[in-house]
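A short write-up of the structure that comes next.
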Amino acid sequence: MVATFAEIARTHRLQEEAFARHQEALLAGDLGAARRWLDRVAEHLRAHAALEERHLQPIYERGDAPRGGDPALFPGEHCKVERFLARLDAGLAAVAGPRDRIALFDVETHFKGLLEHHFGREEDLYFPQIQRLATEAERRAALDAFAAEEERLRAWLGAG
Ligand SMILES: [Fe+2]
Ligand SMILES: [Fe+2]
1 MVATFAEIAR THRLQEEAFA RHQEALLAGD LGAARRWLDR VAEHLRAHAA
51 LEERHLQPIY ERGDAPRGGD PALFPGEHCK VERFLARLDA GLAAVAGPRD
101 RIALFDVETH FKGLLEHHFG REEDLYFPQI QRLATEAERR AALDAFAAEE
151 ERLRAWLGAG
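Residue 129 in the numbering used here sits at position 129 of the sequence shown, with consecutive numbering throughout.
Now the structure itself:
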């Protein structure tokens, strides 16, 4: 159940957990599990960004953007995440030995920094502004969609 826009932050934490599962598998040299978790993270991040752009962005664009929260930033960061996901996908496919795994971890550190920055900006600026601007009908439609998304991620994390 997601009742306020601020609670979408819970999904961000679950996405971070899913990425940690990928990194644990990569560290252990279990490339099958590393691939499975990376694919889940990618699928989920794409679905999440699509929900934000469909349900939240139009609401956000109605208001005066807070300082540091230009409306174009959010879809722009989604594009950056998308480009990074392609790099991670190719990097994992090329892993043949420990040095390749180290190189992939280095790229993944930058990816985690990007996500941390993006999630932080959404949680500090985007969600509070949308909470102020959304009508009750918009709130219900959006948060139902995010609740379904959160459930899917929880099911993956529970099943391992
Ligand atoms: Fe986002
Ligand atoms: Fe988000």
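Here a beta-carbon is modelled for each residue, glycine too, at the ideal position from N, C-alpha and C.
Predicted, not measured: the structure shown is a model, and the values here were computed from it.
In this structure, R36 sits away from A18, with a CB-CB distance that is not shorter than 7 Å. Put simply, the backbone Cα of A6 is about 8 Å away from that of Q131. In terms of Cα proximity to R62, the closest of A142, Q129, A159, L157 is Q129. Put simply, the backbone Cα of A34 is about 5 Å away from that of A25. Under the three-state reduction of DSSP output, D70 falls in the coil class, being neither helix nor strand. When the five nearest sequence neighbours on each side are left out, the beta carbons in the same chain lying within less than 8 Å of the beta carbon of A94 are those of D100, in order along the chain. With at least 16 other beta carbons inside 10 angstroms of its own, T11 counts as buried.
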